[in-house]
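In my numbering, the protein residues as written are 521 to 910.
Note that beta-carbon positions come from the ideal geometry of N, C-alpha and C, so glycine has one too.
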């Protein structure tokens, strides 16, 4: 009988980057598999010496637990991908295709994640489609957090909006199942949620232990909004859904040096340790504030590139000790739900960043954001071919 025919013949799988789910990743790396069980992991040279009869397979790329898509919008999974500048993308893509936002689209996205073998998902459930939450909570093949989106710029309407959201969250939380998706909360952005509603939501989330995601500092125009209360974001707003001035939304006057992160910090929102999404256009002070609060961030490299929002300052966040995860954002802006494609893109976008850092972020960073744990690739554990990132 040849080695190829013997199911117990050792296989030595070698790769460019190995992340076992523990500690940091290593490069190069290798895994010895015997009869469907992991026998050893480590440096390929050491594994060759310890297992001289193992059949070596150079699989290249990455060996790691399945990556986590820590931020996406599954109900937009039937949208057509379009790369356009941010202020064209919203009126030319998001608005014209809004009829495609549906339960069916969200379930299609969940099917896609299942087929990809995703390690988990952080999904934003559209505020005006609460039925999506019911449909996704019923999935037995989905894990992660479903963050219910909240919007509302008028402070005097905050109490009524909060009351409705709290009632829905409390009902959905009773539908949670062990191993299934958890319910979370997503105040959309600091400029689409009034200061009063933001505080009500985040204080409630902190008290109930609910995970929170907020889109922050995605586009450079946010700087002008917070420093002088105007610019493209305010000029392009849908006037009936906003008060007369931006100062009414945030409950303070815009001023030089004010940023979305500083605003959230001084409002007390960072006390809830929300996960902050995008964080592309930030200052060194912003990064210090995030690190001090213990918040994690999720970067969406392809989406930010396609919408011409800028480049997430990964090295600066890493140097500050901030946990980083990856997400695809919506299919409409990211192009797909496969976060491995964001890993590959990030490796070209950050040529001086150690690829081991990027791979670890896609796995362990994502699980830490979602409050879950990655499977370990270690001696005695079952081997899964899904650990080969092709």
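Quiz item: Cα-Cα, which of 574, 789, 804, 665 is closest to residue 689?
Solution: Counting from 1 along the chain shown, the entry for residue 689 is found at position 169. Of 574, 789, 804, 665, the residue nearest in Cα terms is 665.
Quiz item: Does the Cβ-Cβ distance between residue 869 and residue 821 come in under 8 Å?
Solution: Taking the first residue of the chain shown as position 1, residue 869 is located at position 349. Taking the first residue of the chain shown as position 1, residue 821 is located at position 301. Yes, the pair counts as a contact, with Cβ atoms nearer than the cut-off.
Quiz item: Under three-state DSSP, which class holds residue 581?
Solution: One-based indexing of the chain shown puts residue 581 at position 61. Looking at residue 581 - three-state DSSP - the assignment turns out to be coil, as it is neither helix nor strand.
Quiz prompt | Exposure label - residue 761; buried when at least 16 CB within 10 Å | solution = Residue 761 sits at position 241 when you count from the first residue of the chain shown. The residue is exposed, with fewer than 16 neighbouring Cβ atoms inside 10 Å.
Quiz item: Under a three-way DSSP split, which group does residue 576 fall into?
Solution: In the chain shown, counting from the first residue as 1, residue 576 sits at position 56. Note: residue 576 maps to strand in three-state DSSP.
Quiz item: DSSP beta-bridge partners for residue 819?
Solution: The residue given as residue 819 occupies position 299 in the chain shown. DSSP, once it has assigned bridges, lists 846 as partnering residue 819.
Quiz item: So the beta strand (DSSP E) residue 669 belongs to, where does it begin and stop?
Solution: Taking the chain shown and counting its residues from 1, the one referred to as residue 669 is at position 149. That run of the beta strand (DSSP E) goes 664-670.
Quiz item: Over what stretch of residues does the beta strand (DSSP E) that includes residue 533 continue unbroken?
Solution: As a first step, residue 533 must be located in the chain shown, where it is residue number 13. Segment 531-535, the beta strand (DSSP E) holding residue 533.
Quiz item: Can you tell me the Cα-Cα spacing of residue 890 and residue 728, whole angstroms?
Solution: Here the question's residue 890 lines up with position 370 in the chain shown. Here the question's residue 728 lines up with position 208 in the chain shown. Straight-line Cα distance between these residues: approximately 16 Å.
Exercise. Classify residue 713 as helix, strand or coil using the three-state DSSP reduction.
Key: Within the chain shown, residue 713 is the residue found at index 193, counting from 1. In the three-state reduction of the DSSP assignment, residue 713 falls in the strand class, which pools E and B.
Practice problem: Output the boundary residues of the alpha helix (DSSP H) element that contains residue 685. | Solution: Taking the first residue of the chain shown as position 1, residue 685 is located at position 165. Segment 678-693, the alpha helix (DSSP H) holding residue 685.
Practice problem: Could you please give me the residues that DSSP links to residue 603 through a beta bridge? | Solution: Here residue 603 refers to the residue found at position 83 when the chain shown is read from its first residue. The secondary-structure analysis by DSSP pairs residue 603 with nothing; it has no beta-bridge partner.
Quiz item: What separation, rounded to the nearest whole angstrom, lies between the Cα atoms of residue 835 and residue 873?
Solution: Residue mapping note: residue 835 aligns to position 315 of the chain shown, counting from 1. Residue mapping note: residue 873 aligns to position 353 of the chain shown, counting from 1. Approximately 7 Å, taken between the alpha carbons.
Practice problem: Take residue 808 and list the residues in its own chain whose beta-carbon comes closer than 8 Å to its own, dropping the five residues that flank it on each side. | Solution: In the chain shown, the residue the question calls residue 808 occupies position 288. Closer than 8 Å at Cβ, skipping near neighbours: 840.
Exercise. List the whole-angstrom C-beta distance separating residue 549 from residue 538, where the pair is believed to meet the contact cut-off of C-beta under 8 Å.
Key: Numbered from its first residue, the chain shown carries residue 549 at position 29. Numbered from its first residue, the chain shown carries residue 538 at position 18. Rounded, the Cβ-Cβ distance is 2 Å, consistent with contact.
Quiz item: Taking the alpha-carbon positions, what's the residue 899 to residue 887 distance?
Solution: As a first step, residue 899 is located in the chain shown; it is residue number 379 there, counting from the start. As a first step, residue 887 is located in the chain shown; it is residue number 367 there, counting from the start. Distance between the alpha carbons of residue 899 and residue 887 is about 22 Å.
Quiz item: For the alpha helix (DSSP H) that residue 632 lies in, which residues bound it at each end?
Solution: Position 112 of the chain shown, counted from the first residue, corresponds to residue 632. Note, residue 632: alpha helix (DSSP H), 623-636.
Practice problem: Output yes or no for whether 8 Å exceeds the beta carbon distance between residue 720 and residue 682. | Solution: Numbered from its first residue, the chain shown carries residue 720 at position 200. Numbered from its first residue, the chain shown carries residue 682 at position 162. Cβ atoms of residue 720 and residue 682: closer than 8 Å.
Exercise. Following the continuous alpha helix (DSSP H) through residue 854, name the residue where it begins and the one where it ends.
Key: Translated into positions along the chain shown, residue 854 becomes position 334. Element bounds for residue 854: 851-854.
Quiz item: Out of curiosity, what's the CA-to-CA distance linking residue 901 and residue 640?
Solution: By one-based count along the chain shown, residue 901 stands at place 381. By one-based count along the chain shown, residue 640 stands at place 120. Near 20 Å, if we compare the C-alpha coordinates of residue 640 and residue 901.
Quiz item: Taking the runs of the alpha helix (DSSP H) that are 4 residues or longer, which of them lie wholly in the region 864-892?
Solution: Whole alpha helix (DSSP H) segments, 4+ residues: 875-880, 886-890.
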